[in-house]
Structures are given as structure tokens and as C-alpha cells.
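Asks: Let me begin by handing over the structure; questions about it come next.
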Amino acid sequence: MKKEFGTKIKVVMERKKAVAMLGVLFMMLFAACAGDTGNGAENETENKADIITTAESGAEDANQQDTGKQDAQQQVTYWLNRHGEIYDGDYAPAGLDKTFATMLWISTHEGEILGENVLGSDYPCIAESEKILQAAAEGEKVWDMPGEVSLVWVRIEQEPLVLPEGSLGQTAHKDYIIYRDGEDAYVGYQSVEDGSKWTVSRIAGYGEWLERELDIFIRMTTGL
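Everything in the sequence shown is counted per our numbering, starting at 5 for the first residue and increasing by one.
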């Protein structure tokens, strides 16, 4: 009798454990379903973060041979307009070189080419950056020059750089420019043969992200 009673207790305990486990599994399943039906904007933000992370990983090789990590002999200057305030620098703190490499990677994988060998003067950000570089070449203090408050852009001024075949989807380029227009970000590659010509790509939905990256650059550079 005692043995039988002990066996019944054991069976009851096992059943209770099974019920408890089923309850835990049900709660986990419910939580997963609730997560799937969560805010769409949060999912979009997470997806964009995943793309940026993938792009940063995929851009490592390009970053080694291009932008801020080029050959030590390659002179690089960063020019930036953030809503009318002009900045320049010969180095890229806060990972701005990595931002460029990431944007270039995304532009070749998800970007929409708006034009090839188009006139830079037809694009406000490119046109303004040309005026800034020209003024600097003539000895003017560009940081005292007011820029267009509606524009946000950063340009890398550099010597023509020939890349390995297939790198970043082209064989050669001079300067780069990345800028924001509305909700989107744009990447421009300057032609080596004709500096007035550019190839411009649009990256949908990355305008705000780009501006935040530039804000970090300014803060690290100026302390403002």
C-alpha cells in the first residue's frame, strides 16, 4: 500500500511538472506572437540597424583602401555644411571615415543611381561644396562663410584614386560627397576625367541617420 501511494504521489508530481512546463511554453509563445505584432516602426528601425551593421562589416575592406584610411601620402580634407555652419578638417574623428565606407557600401547594394556623369552644378549640395573648395583655394576663411541653412553635406577632397577592378562598382574617382535631402541620403562620386561630372545615388530612408553621424563628427571635432 505504501509503495502504491508513493507511486501515485510521484505520478501526480510528474503531471504537475508537465503542466508547469506547458504553462511556461505557452507564455513564451504568447510573448513571441506579441512581439511579431508590435510596432511596425520599431521593426523598421531594427531592420535598418541590421543593414547598417552588415554594411559596416562589409565595408571593412573598402575602408582599408579608401576614404580616411588611404595611403599615408594621400591628402584628404573633410568639408562639411550643417545647416549653414561650415567646417573643415584633415582628419576624421568619431568614425566619419567609417560612415563614408558604410554609405558607399549601402549605395552599391541598395542605392538607386539617379545619374551617371551628370553635372554637379545641377545638385545644390555639390554646387555649394564646389564654391567652398574654390573659396578655400583662393585663401578665404571658409568657416566664416555662411552656408545654405537648408543643406546638410560632407565632402572628402582628395587626389584621384584608382581602385582595384570591381571595387565599389567603379574603377576610379576623385572626391566623394554624401548629403541629406529630406528623408533620404545621397552619395556622389566625382569623375576623374571631368571634375564637373558626378555619379549620384540615392539611399532611401537614411537621411536622418546620416545627419546624426555628422552631428557626432562636429561634436568630437569642435566640442560644440
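The beta-carbon is built from N, C-alpha and C at its ideal position, and this holds for glycine as well.
Would you grab the beta carbon distance between Glu-89 and Val-156 for me? Rounded to a whole angstrom, and I think it's under 8 Å.
Replies: Sequence index remark: in the sequence shown, residue 89 carries index 85 (1-based). Sequence index remark: in the sequence shown, residue 156 carries index 152 (1-based). Between Val-156 and Glu-89 the Cβ distance is about 10 Å, and since that is not below 8 Å, they are no contact.
Asks: Would you mind reading off the limits of the alpha helix (DSSP H) that contains Gln-162?
Replies: In the sequence shown, the residue the question calls residue 162 occupies position 158. Counting along the chain, Gln-162 falls outside any alpha helix (DSSP H), and DSSP gives it neither H nor E.
Asks: What residue does the beta strand (DSSP E) around Gln-194 start on, and which one ends it?
Replies: Here residue 194 refers to the residue found at position 190 when the sequence shown is read from its first residue. Gln-194 -> beta strand (DSSP E) spans 188–194.
Asks: Residues in its own chain within less than 6 Å of Glu-217 by CB, not counting five upstream and five downstream?
Replies: Along the sequence shown, one-based indexing puts residue 217 at 213. Hits under 6 Å: Thr-103.
Asks: Helix, strand or coil for Lys-145 per DSSP?
Replies: Counting from one through the sequence shown, the residue named residue 145 turns up at place 141. Residue state, collapsed to three classes: coil.
Asks: Which term fits Trp-109, buried or exposed, when burial requires 16 or more other beta carbons within 10 angstroms of its beta carbon?
Replies: As a position in the sequence shown, residue 109 is number 105, starting the count at 1. So Trp-109 ends up on the buried side.
Asks: Could you pull the start and end residues of the beta strand (DSSP E) that Asp-101 belongs to?
Replies: Working through the sequence shown from its first residue, we reach residue 101 at position 97. No beta strand (DSSP E) contains Asp-101, which is instead part of the alpha helix (DSSP H) from 100–113.
Asks: Could you tell me if Asn-86 is buried or exposed, where buried requires 16 or more neighbouring beta carbons within 10 angstroms of its beta carbon?
Replies: For the purposes of this step, residue 86 is taken as residue 82 along the sequence shown, with counting starting at 1. Per the sequence presented here, residue 86 reads as Arg, with Asn not at that position. Classification of Arg-86: buried, given that the 10 Å Cβ count is 16 or more.
Asks: In the DSSP assignment, what residue or residues form a beta bridge with Glu-116?
Replies: Locating residue 116 in the sequence shown gives position 112, where the first residue counts as 1. Partner(s): Arg-206.
Asks: What does the alpha-carbon distance come out to for the pair Ala-66 and Val-158?
Replies: Taking the sequence shown and counting its residues from 1, the one referred to as residue 66 is at position 62. Taking the sequence shown and counting its residues from 1, the one referred to as residue 158 is at position 154. Reliability of the predicted coordinates at Ala-66 is poor, the pLDDT of 47 falling under 50, and the value obtained from them is presented with this limitation in mind. Distance between the alpha carbons of Ala-66 and Val-158 is about 19 Å.
Asks: Quick check: what's the CA-CA separation for Ala-141 versus Tyr-210?
Replies: Within the sequence shown, numbered from 1, the residue matching residue 141 stands at position 137. Within the sequence shown, numbered from 1, the residue matching residue 210 stands at position 206. Their Cα atoms are separated by approximately 32 Å.
Asks: Tell me where the beta strand (DSSP E) around Glu-89 begins and ends.
Replies: Counting from one through the sequence shown, the residue named residue 89 turns up at place 85. From DSSP, the beta strand (DSSP E) with Glu-89 extends over 89–93.
Asks: Would you call the segment 218–227 and the segment 190–198 in contact, with 3 or more CB pairs under 8 Å?
Replies: The answer is no - the segment 190–198 does not touch the segment 218–227, with fewer than three Cβ pairs under 8 Å.
Asks: Tyr-183 bridges to which residues according to DSSP?
Replies: Taking the first residue of the sequence shown as position 1, residue 183 is located at position 179. Its beta-bridge partners are Trp-157 and Tyr-190.
Asks: Given this structure, state the Cα-to-Cα distance separating Ser-205 from Glu-116, to the nearest angstrom.
Replies: Here residue 205 is taken as the residue at index 201 of the sequence shown, counted from 1. Here residue 116 is taken as the residue at index 112 of the sequence shown, counted from 1. Each residue's Cα considered, the two are about 5 Å apart.
Asks: With a threshold of 16 other CB atoms inside 10 Å of the CB of Ala-208, please say whether the residue is buried or exposed.
Replies: On the sequence shown, position 204 is the one that residue 208 refers to. By the neighbour-count rule (16 or more Cβ atoms within 10 Å), Ala-208 is not buried but exposed.
Asks: Report all residues from its chain with a CB closer than 8 Å to the CB of Glu-187; omit the five preceding and five following residues, and keep chain order.
Replies: Position 183 of the sequence shown holds residue 187. Contacts found: Ala-208, Gly-209, Gly-211 and Glu-212.
Asks: Do Glu-120 and Thr-2 count as a contact pair if the criterion is CB distance below 8 Å?
Replies: With the chain running from 5 to 228 in the structure shown, residue 2 is simply not present.
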